[in-house]
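**Q** Per our numbering, residue 3 is the first one in the sequence shown, and the count goes up by one each step. Following this message is one structure expressed as structure tokens.
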Amino acid sequence: MDTIVELCKRRGIIFQSSEIYGGLRGAWDYGPLGVALKDNVRAQWKKDMFQLRDDVVPIEASILMHPRVWEASGHVAGFTDPLVDCRNCNTRHREDQLPTNKSGEPYCPNCGQAGQFTESRAFNLMFRTFVGPTEDSSAQVWLRPETAQGMFVDYAHVQLTSRKKVPFGIGQIGRSFRNEITPRNFIFRVREFEQMEMEFFCKPGTDEEWHRYWIRQRYDWYTRLGITPENLRIRPHATDELSHYSKGTVDVEYRFPMGWGELEGIANRGTFDLTQHAEFSGKDLSYYDQAADERYIPNVIEPAAGVDRTALAFLVDAYAEEEAPSVKGGTETRTVLRFHPDIAPVKVAVLPLSKKDTLTPTAKKVNDLLKPHFVNVDYDEAGQIGRRYRRQDEVGTPFCVTVDFETVEDDDAVTVRDRDTMAQERIPIENLVRYLTDRFTAARS
Ligand code: GAP
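Here is the structure:
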């Protein structure tokens, strides 16, 4: 993990928030390449959820919601972690995450002392704030700890206005906030993060089949985008692990450097949420099934993923070090992020062989030609060409396009270098967009 954190910092992908003030624990900023990486994660999720389907629609709900939402959802009463303090060194920990020694006693991961903990207290993870100028309980609201409740409280309105029939889904991507006791492992567990969640409403009795369907869909999404299947697994929750709303949950887990960790939870939430919101709001949230002439509360299947954790899994999975020919002769270690082209932050780099005036106008022309077709094209003319290839490899750019003297003086063609094989091909400029588009399409099949 340290290698990934160092690379992310050095290349401005992800780094500590408020770094010049010493940082804030559990808060990270995304630089230009990190933004591009996250944009790609979101774009691929939206493509799969909305663009390629007719039965899922998007919403964008407000982060601040009516406080009763969180009473109905069970978060005010139950969204807690068990908190303990070490009496020896005064550090704070989650009781359920304490390591144990050979005799099975939990010990402090900071000072190593066993059996020195305070009584465990239930600590609510929701961040609290106030709307308007008065800071009393009537003005108190919460920063949402999950995006899911937006879909439940908007369910009836969206169903009616989009004229969707059950089974159908509502999804959104957005920020969520949790006052995690121990944020850790880089962007794996943070206090402010982004979720990609979808609530799929289906007829009671069909829920288990839809649950299996969404587990398969979501697993395939990760592998299609390049995650190594050996690093991905499906883990059903044990009964005592299930959330209060769940009839059954499986996690899609990734083998992170610190061990297996949840990437996404896929839960069968039954009728819990709509029933609760109907009761708390006094509104009828049942569905009238015209074809069957019956009324029911739909069951809900929820694939809930994190943008940050997914970005981390893509970074870890793509990272490779290998021996490659050195710019100085001999070999050297090449660091390469073997991102799937749809996930790579930079899609194509345009590299004039030298900074000479003879090459610049043509290289700029090639850059302008590519920009409308590929979301992130990088233009880099500084330094030796071999070094520039390495810089692009290190951030996972799938293709480098080199403009050289032959381009200008002779053949109106450029050299396209493949990140993974390092093979180079001469392509006429007039065919370049088509050639690269075909390469991206081929990577998807
Ligand atoms: N609506 C259900 C729900 O929120 P969850 O398993 O608590 O379920 C879903 O969260 C996903 O959100 C997780 O699988 C993870 O990817 C992401 N996530 C949750 N807490 C996070 C945190 N503190 N930091 C980063 N990502 C987090």
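Note that beta-carbon positions come from the ideal geometry of N, C-alpha and C, so glycine has one too. As the structure is a prediction and not an experimental result, all values here were calculated from the model.
Is residue 296 close to the ligand GAP? I mean its beta-carbon at under 8 Å from any heavy atom of the ligand.
**A** Walking along the sequence shown from the start, residue 296 turns up at place 294. Result no, Cβ not under 8 Å from the ligand GAP.
**Q** Is the closest heavy atom of the ligand GAP to the C-beta of residue 265 under 8 Å?
**A** Reading the sequence shown from its first residue, position 263 is the one you call residue 265. Under cutoff, so the answer is yes.
**Q** Is residue 199 near the ligand GAP, with its Cβ less than 8 Å from a heavy atom?
**A** Numbered from its first residue, the sequence shown carries residue 199 at position 197. Residue 199: yes, Cβ under 8 Å from the ligand GAP.
**Q** Bridge partners of residue 178, per DSSP?
**A** By 1-based counting over the sequence shown, the position of residue 178 is 176. Residue 178 is bridged to 195.
**Q** State the DSSP-derived secondary structure class of residue 162, mapped to helix, strand or coil.
**A** In the sequence shown, counting from the first residue as 1, residue 162 sits at position 160. Residue state, collapsed to three classes: helix.
**Q** When you compare the stretch 203–218 with the stretch 324–340, are there three or more beta-carbon pairs, one atom per stretch, that lie closer than 8 Å?
**A** No, the stretch 203–218 is not in contact with the stretch 324–340.
**Q** Considering only residues of the same chain and omitting the five flanking positions on each side of residue 384, which have a CB-CB separation below 8 Å?
**A** Along the sequence shown, read from residue 1 onward, the residue named residue 384 stands at position 382. Counting only Cβ-Cβ distances below 8 Å, and skipping sequence neighbours, we find 357 and 390.
**Q** With DSSP as the reference, label residue 189 as helix, strand or coil.
**A** Taking the sequence shown and counting its residues from 1, the one referred to as residue 189 is at position 187. The answer is coil: DSSP assigns residue 189 none of H, G, I, E or B.
**Q** I'd like the list of long-range same chain contacts for residue 86, defined as Cβ closer than 7 Å, with 5 residues on each side in sequence excluded.
**A** By 1-based counting over the sequence shown, the position of residue 86 is 84. These residues qualify, in order along the chain: 95, 97, 119, 120 and 122.
**Q** Report yes if the CB atom of residue 339 is closer than 9 Å to the CB atom of residue 317, and no otherwise.
**A** The residue labelled residue 339 in the question sits at position 337 within the sequence shown. The residue labelled residue 317 in the question sits at position 315 within the sequence shown. Yes; because the gap between Cβ atoms is below 9 Å, this pair is in contact.
**Q** For a test of your reading of the model: does the CB of residue 319 fall under 8 Å from any non-hydrogen atom of the ligand GAP? Yes or no.
**A** As a working note, residue 319 is residue 317 in the sequence shown. No, since every heavy atom of the ligand GAP falls outside the 8 Å radius drawn around the Cβ of residue 319.
**Q** In terms of residues, what are the limits of the beta strand (DSSP E) holding residue 380?
**A** Position 378 of the sequence shown, counted from the start, is the residue given in the question as residue 380. 379–381 is the span of the beta strand (DSSP E), which, as asked, contains residue 380.
**Q** Using the C-alpha atoms, what's the distance from residue 116 back to residue 20?
**A** As a position in the sequence shown, residue 20 is number 18, starting the count at 1. As a position in the sequence shown, residue 116 is number 114, starting the count at 1. Computed Cα separation, rounded: 35 Å.
**Q** Pair every Cβ in the stretch 427–435 with every Cβ in the stretch 403–418, then say whether three or more of these pairs are closer than 8 Å.
**A** Yes, the stretch 427–435 is in contact with the stretch 403–418.
**Q** Can you look up residue 36 in the DSSP assignment and give me helix, strand or coil?
**A** Counting from one through the sequence shown, the residue named residue 36 turns up at place 34. Residue 36: helix per DSSP, three-state reduction.
**Q** With a cut-off of 8 Å, do at least 3 Cβ pairs link the stretch 20–32 to the stretch 196–203?
**A** The answer is no - the stretch 196–203 does not touch the stretch 20–32, with fewer than three Cβ pairs under 8 Å.
**Q** Could you work out which residue in 55, 130 and 381 is closest to residue 362 when comparing CA atoms only?
**A** The sequence position of residue 362 within the sequence shown is 360, counting from 1. Measuring from the Cα of residue 362, the nearest candidate turns out to be 381.
**Q** Could you compute how far the alpha carbon of residue 270 sits from the alpha carbon of residue 403?
**A** Locating residue 270 in the sequence shown gives position 268, where the first residue counts as 1. Locating residue 403 in the sequence shown gives position 401, where the first residue counts as 1. For residue 270 and residue 403, the distance between alpha carbons rounds to 48 Å.
**Q** So, does the stretch 140–158 touch the stretch 257–266, judging by three or more C-beta pairs under 8 Å?
**A** Not touching, per the Cβ criterion.
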